[in-house]
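Mapping to UniProt numbering: the sequence shown position 24 is 24, numbers consecutive.
In this text, a Cβ means the ideal position worked out from N, Cα and C, and glycines have one as well.
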Amino acid sequence: MNVNQKNINFGRIAASSKSSKRLIVQNMSATPLVYSVEKTGSISSGFLQIKEGEVGVVKAFGTKEICFQFQPTLAGPFEEKLKIINVQDTENSVSVTIKAKVVKRETFKLLQSGQTISFGKCLVGDKTDEVKIAVRNTSRKKREYVIQLDPNFTISSLRPIFYFSVDDTPTAIITQAQEKKLDEELEKLEHKLRIAVTKKKSDKIVKLNAKISQVKALLAGEQLPKEPGTPADSDAEATGIIQFCITSAPIETLE
């Protein structure tokens, strides 16, 4: 009996999220292999579910995939050992170490996090154009959010006043599965853009920027992702979005 992997790492995963992996068991003999999958029996071992059951048969010189699903409910480092046992020869067993870093699920996400929000040119005494930021509720409950200025925010020569209002325009609702795909797509596009900028490919830069803007619009709930033919995911969790409009005015000079 041979198993293709001895170590599997799920990396960083949010509590209550689901992720699946596969192991391939290879029968190296001319007789059918009867195997069993054994867990340690700890509380955290319950986070691993073997989809095909914990006992199976591999035909002579054949292979079989063992699919298992990981759904942790407790945050913290995770480590569990699965033991693949040859039932006919118990000494012929293989241990597989499963690791993950389980983090507490966030209850909200600021879609513009890490981005610079610019009001453009500001004239003293005039209101600026509106800038929108979007907050997504990533939990299963309704929540209230408060948005306010950092009390430590100061500008040495100006005293800006910021106004906040809620944008009542309906936003599209996307599932967490769709959001994950869009995040991955955005990461790939931004990587390609960095390469295009390095190679100074102007046409490609324009096209990639357009695609990046489109993906960001989808993430912000400005339009709904089109995934024709995709079956509904019973475990998908829809997330609501609320948009805040920010304007700054009037601006007083302190000099």
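query: Using only CA atoms, which one of Ile85, Gln5 and Lys127 lies nearest to valine 57?; result: Ile85
query: Note down, one range per segment and in chain order, each beta strand (DSSP E) of at least 3 residues found wholly within the UniProt domain "HYDIN/VesB/CFA65-like Ig-like" (2 to 101).; result: 7 to 14, 19 to 26, 33 to 38, 48 to 50, 55 to 58, 63 to 70 and 76 to 86
query: Using 8 Å for Cβ pairs, my map puts alanine 100 next to asparagine 9. What's the rounded Cβ distance?; result: 7 Å
query: Given glycine 41, which residues of its chain have a CB within under 7 Å of its CB, disregarding the five upstream and five downstream residues?; result: none
query: Give every residue of the same chain whose Cβ lies closer than 7 Å to the Cβ of threonine 31, excluding the five residues on either side of it in the sequence, and list them in chain order.; result: Ala60
query: The beta strand (DSSP E) spanning aspartate 167 covers which residue range?; result: 158 to 167
query: Just to confirm before moving on: does the CB-CB distance between arginine 105 and alanine 210 stay below 8 Å?; result: no
query: List the residues that DSSP assigns as beta-bridge partners of valine 103.; result: Ala14
query: Looking at the unbroken alpha helix (DSSP H) that takes in lysine 216, where does it start and where does it end?; result: 202 to 219
query: Quick one: is arginine 136 buried, meaning 16 or more other Cβ sit within 10 Å of its Cβ, or exposed?; result: buried
query: So, do the segment 66 to 78 and the segment 18 to 30 have three or more beta carbon pairs nearer to each other than 8 Å?; result: yes
query: When DSSP labels each residue in this structure, what does isoleucine 155 get in the three-state scheme?; result: strand
query: Cysteine 122 and threonine 116: beta carbons closer than 8 Å?; result: no
query: Which value, in whole angstroms, describes the spacing of the CA atoms of lysine 188 and lysine 204?; result: 14 Å
query: Quick one: what's got a C-beta closer than 7 Å to asparagine 92's C-beta in the same chain, skipping five residues either side?; result: Met1 and Asn86
query: Do you know offhand how far glutamate 38's Cα is from valine 3's?; result: 14 Å
query: Is the beta carbon of lysine 192 closer than 8 Å to that of leucine 208?; result: yes
query: When you compare each of Ser118, Gln26, Lys81 and Asp150 to leucine 48 by their alpha carbons, which one comes out closest?; result: Lys81
query: Using the three-state DSSP reduction, which class does residue 256 fall into: helix, strand or coil?; result: With the chain represented from 1 up to 255, any question about residue 256 goes unanswered, as that position is not in the structure.
query: Does DSSP put arginine 194 in a helix, a strand or coil?; result: helix
query: How many angstroms separate the CA atom of lysine 180 from the CA atom of asparagine 152?; result: 34 Å
query: What does the Cβ neighbour count give for tyrosine 35, buried or exposed, with the cut at 16 atoms within 10 Å?; result: buried
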